[in-house]
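Take a look at the structure below.
Number of protein chains: 2
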Amino acid sequence: MGCPFGPGKFPSRRGLLGAAGGLLAAAGAARAASPDQLIAKGVNPAGQAQGRGDIIPFRGRHQAGIATPLQNHTFLAAFDIVSDKRADLVILLRKWTDAAERLSKGQTAEPLSPGLDHAAEDSGEAMGLAPARLTVTFGFGPGLFSRDGHDRFGLASHRPEALIDLPRFNGDQLVENRTGGDLSVQACADDPQVAFHAIRQLARLAYNIAEIRWTQTGFTANAAANDTPRNLMGFKDGTQNPAARPAAEDSGGAYTGSLDQVVWVGDDGPEWMRGGSYAVVRKIRMALEHWDRTDVAFQEEVIGRHKYSGAPIGKQSEFDALDLDRTDNDGNPIIAENAHVRLAAAETNDGAQILRRGYSYNDGTNITAERWPPWRQGMEYDAGLLFICYQRDPRTGFVKLFENMAKFDTLNQFTTHVGSGIFAVPRGVSPGEFIGQGLFG
Amino acid sequence: MGCPFGPGKFPSRRGLLGAAGGLLAAAGAARAASPDQLIAKGVNPAGQAQGRGDIIPFRGRHQAGIATPLQNHTFLAAFDIVSDKRADLVILLRKWTDAAERLSKGQTAEPLSPGLDHAAEDSGEAMGLAPARLTVTFGFGPGLFSRDGHDRFGLASHRPEALIDLPRFNGDQLVENRTGGDLSVQACADDPQVAFHAIRQLARLAYNIAEIRWTQTGFTANAAANDTPRNLMGFKDGTQNPAARPAAEDSGGAYTGSLDQVVWVGDDGPEWMRGGSYAVVRKIRMALEHWDRTDVAFQEEVIGRHKYSGAPIGKQSEFDALDLDRTDNDGNPIIAENAHVRLAAAETNDGAQILRRGYSYNDGTNITAERWPPWRQGMEYDAGLLFICYQRDPRTGFVKLFENMAKFDTLNQFTTHVGSGIFAVPRGVSPGEFIGQGLFG
Numbered sequence: 001m002g003c004p005f006g007p008g009k010f011p012s013r014r015g016l017l018g019a020a021g022g023l024l025a026a027a028g029a030a031r032a033a034s035p036d037q038l039i040a041k042g043v044n045p046a047g048q049a050q051g052r053g054d055i056i057p058f059r060g061r062h063q064a065g066i067a068t069p070l071q072n073h074t075f076l077a078a079f080d081i082v083s084d085k086r087a088d089l090v091i092l093l094r095k096w097t098d099a100a101e102r103l104s105k106g107q108t109a110e111p112l113s114p115g116l117d118h119a120a121e122d123s124g125e126a127m128g129l130a131p132a133r134l135t136v137t138f139g140f141g142p143g144l145f146s147r148d149g150h151d152r153f154g155l156a157s158h159r160p161e162a163l164i165d166l167p168r169f170n171g172d173q174l175v176e177n178r179t180g181g182d183l184s185v186q187a188c189a190d191d192p193q194v195a196f197h198a199i200r201q202l203a204r205l206a207y208n209i210a211e212i213r214w215t216q217t218g219f220t221a222n223a224a225a226n227d228t229p230r231n232l233m234g235f236k237d238g239t240q241n242p243a244a245r246p247a248a249e250d251s252g253g254a255y256t257g258s259l260d261q262v263v264w265v266g267d268d269g270p271e272w273m274r275g276g277s278y279a280v281v282r283k284i285r286m287a288l289e290h291w292d293r294t295d296v297a298f299q300e301e302v303i304g305r306h307k308y309s310g311a312p313i314g315k316q317s318e319f320d321a322l323d324l325d326r327t328d329n330d331g332n333p334i335i336a337e338n339a340h341v342r343l344a345a346a347e348t349n350d351g352a353q354i355l356r357r358g359y360s361y362n363d364g365t366n367i368t369a370e371r372w373p374p375w376r377q378g379m380e381y382d383a384g385l386l387f388i389c390y391q392r393d394p395r396t397g398f399v400k401l402f403e404n405m406a407k408f409d410t411l412n413q414f415t416t417h418v419g420s421g422i423f424a425v426p427r428g429v430s431p432g433e434f435i436g437q438g439l440f441g
Numbered sequence: 442m443g444c445p446f447g448p449g450k451f452p453s454r455r456g457l458l459g460a461a462g463g464l465l466a467a468a469g470a471a472r473a474a475s476p477d478q479l480i481a482k483g484v485n486p487a488g489q490a491q492g493r494g495d496i497i498p499f500r501g502r503h504q505a506g507i508a509t510p511l512q513n514h515t516f517l518a519a520f521d522i523v524s525d526k527r528a529d530l531v532i533l534l535r536k537w538t539d540a541a542e543r544l545s546k547g548q549t550a551e552p553l554s555p556g557l558d559h560a561a562e563d564s565g566e567a568m569g570l571a572p573a574r575l576t577v578t579f580g581f582g583p584g585l586f587s588r589d590g591h592d593r594f595g596l597a598s599h600r601p602e603a604l605i606d607l608p609r610f611n612g613d614q615l616v617e618n619r620t621g622g623d624l625s626v627q628a629c630a631d632d633p634q635v636a637f638h639a640i641r642q643l644a645r646l647a648y649n650i651a652e653i654r655w656t657q658t659g660f661t662a663n664a665a666a667n668d669t670p671r672n673l674m675g676f677k678d679g680t681q682n683p684a685a686r687p688a689a690e691d692s693g694g695a696y697t698g699s700l701d702q703v704v705w706v707g708d709d710g711p712e713w714m715r716g717g718s719y720a721v722v723r724k725i726r727m728a729l730e731h732w733d734r735t736d737v738a739f740q741e742e743v744i745g746r747h748k749y750s751g752a753p754i755g756k757q758s759e760f761d762a763l764d765l766d767r768t769d770n771d772g773n774p775i776i777a778e779n780a781h782v783r784l785a786a787a788e789t790n791d792g793a794q795i796l797r798r799g800y801s802y803n804d805g806t807n808i809t810a811e812r813w814p815p816w817r818q819g820m821e822y823d824a825g826l827l828f829i830c831y832q833r834d835p836r837t838g839f840v841k842l843f844e845n846m847a848k849f850d851t852l853n854q855f856t857t858h859v860g861s862g863i864f865a866v867p868r869g870v871s872p873g874e875f876i877g878q879g880l881f882g
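Protein chains in written order, with the numbering used here: chain A, 1 to 441; chain B, 442 to 882.
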């Protein structure tokens with residue numbers, strides 16, 4: 001199928017390698033140059049960064065990539081474990097930990113071994129690139145603890161209560177091969193090639209132990225510092241986020257919790273999760289063609305904010321309080337009952353909060369039917385929000401927030417949840433540890 | 442199907458708009474603020490750029506986005522014309538020209554009209570963002586001149602000879618909805634949201650005249666200045682490109698043509714093409730999983746260059762001459778007969794050259810069968826090269842170069858061409874002109 005060379009027309013791989021052996025002898029030094037020799041020549045095969053200011057430390061109390069200021073790009077991968085050996089899993093997590101630390105420094109995933117007659121320990125496309133604030137954040141899905149009732153790795157009794165199976169939400173149209181996963185790796189960097197490179201190296205290190213189940217790219221606009229970036233609907237997105245609000249940790253406001261209150265697992269969790277968090281991921285496709293045809297006033301009504309300023313309806317500034325109780329002279333609410341900001345607000349949800357870490361995604365265009373009159377069909381954008389959020393307990397975080405939103409949020413006519421995942425994100429690693437080590441202790 | 446609101450459970454759009462009307466009255470000034478008022482407040486709804494250093498002028502002798510140094514991101518769209526009226530086409534090209542010029546300056550696609558009870562003239566997600574060196578480059582596909590033998594717009598006699606229908610190449614596995622198009626728009630910018638925004642506005646302006654046929658995102662690594670970026674195979678890519686070679690226009694080398702020799706149409710073309718070019722686009726998927734499992738020596742053999750230094754096999758430096766005639770002591774060629782660099786070289790192709798403007802693409806992962814033993818099947822990267830090249834005549838440019846490559850290039854086992862397009866790219870526009878105006882004169 002499609003191979004342009006029929007049998008006999010093209011040398012076998014062995015034949016070509018034989019020829020290469022001959023060339024090696026002929027070509028001499030440059031051909032046989034070891035990585036060390038190349039470094040001596042300044043060729044920099046190890047991808048060692050030139051500048052060091054853009055390195056985010058991999059090790060620490062918390063994993064990087066959660067509270068880290070948003071990088072411009074992400075590549076997220078969920079893996080299925082294909083080995084049934086607990087020892088393989090430990091080998092994988094050790095390798096992944098070492099590689100993630102090296103990659104975060106702008107190094108190759110593993111040291112390159114001498115010689116060229118073997119597959120390289122790194123695919124090479126990040127050589128010479130800066131570390132680009134790469135963070136690699138690991139998560140454990142429900143399937144790591146048990147699958148189909150089977151305790152695959154003797155970990156079932158260690159599954160944290162907070163690592164629930166997500167309920168089916170109203171309107172969910174989840175695609176199986178964009179949903180779930182035993183392990184998750186969120187690579188974020190200011191260079192898309194660096195993020196892709198990181199996932200690719202980790203996937204290679206996982207051969208025969210774990211395989212990619214699904215992946216998703218994401219990006220953010222290059223918004224000016226202190227600007228809340230706009231999402232693809234043209235609205236500022238994340239104003240209520242603990243990290244976006246100015247001086248969130250110092251504000252003392254009723255619903256602007258600190259990261260310790262909102263994100264990090266405390267003494268209520270098992271040791272390996274204390275300082276960790278739980279990630280919920282949703283791939284949310286937006287009906288942008290439809291959205292672009294709607295009046296701005298209607299868009300503002302749906303969101304509950306003014307489009308251009310980002311202020312709550314009827315207010316002046318982005319960070320003005322929502323004041324959801326405001327009514328007009330007839331007693332009708334200023335911010336509609338089913339407006340997005342009302343249903344997403346902490347005060348509507350018993351104070352529930354999450355740390356959002358969303359990226360836009362753009363998967364191009366494909367043929368789709370809109371879900372709203374006049375039900376246009378055609379080539380439409382496959383684009384929207386790669387929603388990632390962190391919280392100390394999804395039951396009181398995302399699930400609490402989203403159950404009502406899934407039913408009542410006016411925005412739902414413009415959005416479809418097509419992918420989903422939930423992962424326990426272990427605490428950060430100390431020197432010498434591997435990720436999630438306490439779980440295997 | 443999936444709409445979370447049954448009939449009667451959710452207010453109609455009209456009902457909601459009615460409610461919004463009521464709110465408008467209640468909410469007062471902030472709600473009714475016109476774009477001008479918002480600008481006065483510093484809200485900057487027009488997306489007017491703060492800094493001006495990153496604007497690429499839209500008008501000029503050549504269209505921007507061809508010889509412009511590569512921006513970090515592209516979003517490329519091909520459109521089908523759905524109107525049969527020549528006047529509509531002129532309206533569209535006028536609108537596109539005006540919008541592209543505004544967008545290049547970091548402005549909204551059209552001026553925002555007062556009031557909010559209408560769909561906005563701009564979807565808004567680029568507001569507050571810098572122009573990010575946006576370029577918008579327009580092309581005319583064969584279908585603009587005739588389709589199925591039908592002279593749709595009275596332009597058939599003006600179709601340039603050089604705008605051929607591309608032949609079917611050996612190994613082509615073109616997908617229909619990633620191939621062709623009557624019009625092309627290549628948006629490049631240093632911010633992916635700016636590039637996406639541009640295409641989205643142009644698509645909106647085309648309602649009822651033209652529709653998106655296919656799109657593709659692309660990115661480059663943030664390589665250091667003067668570094669040839671590496672592609673996803675980990676090799677430096679584009680070393681032979683006229684723009685990449687140091688002082689290409691001054692070198693006087695036999696096969697390092699100037700842009701006038703290689704890219705721009707001269708007096709041999711019709712007036713509207715003089716200073717224009719021809720674009721050939723190919724979406725080339727790479728079997729990266731397979732590639733990563735091959736020995737580095739084999740990869741170098743396939744490419745004909747050393748992986749880490751980028752030097753031709755047996756040489757020291759990236760920009761050393763290929764010297765394709767070199768042989769070892771047994772008389773065998775140092776660079777294999779079917780190596781990529783040999784087959785792509787100008788000297789192997791009667792001096793044929795093109796200006797490459799390639800981007801990597803990463804569409805995530807999907808289930809694929811490899812085309813090479815052991816024919817692995819599984820979840821593999823849908824990633825590779827969005828190959829774009831410019832030349833003054835595709836017959837002596839891309840077609841000349843690729844016909845042999847498609848048959849003999851060893852790299853073909855790792856690449857599959859899945860999308861394709863050819864477009865006449867008119868010369869740049871002077872003040873007051875619209876793109877391709879001379880064609881309609």
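Ideal placement from N, C-alpha and C gives every residue a C-beta, glycine not left out.
Because the structure is a prediction, the values reported are computed rather than measured.
Beta strand (DSSP E) segment containing residue i, residue limits
i: residue 286(A); result: 277–286
i: residue 505(B); result: No beta strand (DSSP E) contains residue 505(B), which DSSP labels as neither H nor E.
i: residue 153(A); result: Where residue 153(A) is concerned, there is no enclosing beta strand (DSSP E), given that its DSSP letter is neither H nor E.
i: residue 73(A); result: 73–81
i: residue 107(A); result: Premise fails: residue 107(A) is in no beta strand (DSSP E) and is neither H nor E.
Through-space distance from residue j to residue i, alpha-carbon basis
i: residue 356(A); j: residue 597(B); result: 54 Å
i: residue 857(B); j: residue 533(B); result: 35 Å
i: residue 867(B); j: residue 524(B); result: 21 Å
i: residue 105(A); j: residue 333(A); result: 52 Å
i: residue 43(A); j: residue 736(B); result: Caution applies to residue 43(A), whose pLDDT of 36 falls short of 50 and renders its modelled position unreliable; the model cannot decide the point.
i: residue 142(A); j: residue 152(A); result: 11 Å
i: residue 855(B); j: residue 137(A); result: 31 Å
i: residue 666(B); j: residue 511(B); result: 11 Å
i: residue 344(A); j: residue 535(B); result: 43 Å
Exposed unless 16 or more other CB atoms sit within 10 angstroms - verdict on residue i
i: residue 526(B); result: exposed
i: residue 340(A); result: buried
i: residue 158(A); result: buried
i: residue 609(B); result: exposed
i: residue 869(B); result: buried
i: residue 644(B); result: buried
i: residue 260(A); result: exposed
i: residue 750(B); result: buried
i: residue 687(B); result: The predicted model places residue 687(B) with a pLDDT of 42, which falls under 50 and marks its position as unreliable; any figure quoted below should be read in that light. Exposed, by the Cβ-count rule.
Endpoints, alpha helix (DSSP H) assigned at residue i
i: residue 538(B); result: 527–545
Integer Cβ distance of residue i from residue j, believed to fall under 8 Å
i: residue 80(A); j: residue 213(A); result: 5 Å
i: residue 658(B); j: residue 516(B); result: 5 Å
i: residue 172(A); j: residue 73(A); result: About 27 Å; that fails the 8 Å criterion.
i: residue 825(B); j: residue 802(B); result: 6 Å
Closer than 7 Å: residue i CB and nearest the ligand NAD heavy atom
i: residue 113(A); result: For the ligand NAD, the structure offers nothing, since it holds no ligand at all.
* Listed from N- to C-terminal order along the chain, which residues in the stretch 570–603 of chain B have their beta-carbon within a distance smaller than 9 Å of any beta-carbon of chain A? -> 570, 571, 573
* To do: For the stretch 102–124 of chain A, enumerate the residues whose C-beta is nearer than 7 Å to any C-beta of chain B, in chain order.
  => 116, 117, 118, 119, 120, 123, 124
* **Cβ-based contacts, 7 Å cut-off: residues of the stretch 368–402 of chain A near chain B** => 371, 378, 379
* Asked: Just by C-beta distance, which residues in the stretch 786–799 of chain B are closer than 9 Å to chain A?
  -> none
* Residues of the stretch 175–199 of chain A whose Cβ lies closer than 8 Å to any Cβ of chain B, in chain order -> 177, 190, 191, 192, 193, 194, 196
* Which residues, in order along the stretch 644–665 of chain B, keep a beta-carbon less than 9 Å from a beta-carbon of chain A? -> 644, 645, 648, 652, 653, 654, 655, 656, 657, 658, 660, 661, 662, 663, 664, 665
* Note down, in chain order, all residues in the stretch 733–745 of chain B with a beta-carbon under 9 Å from any beta-carbon belonging to chain A. => 733, 734, 735, 736, 737, 738, 739, 740, 741, 742, 743
* Asked: Using a beta-carbon distance cut-off of less than 9 Å, what residues from the stretch 706–735 of chain B approach chain A?
  -> 729, 730, 732, 733, 734, 735
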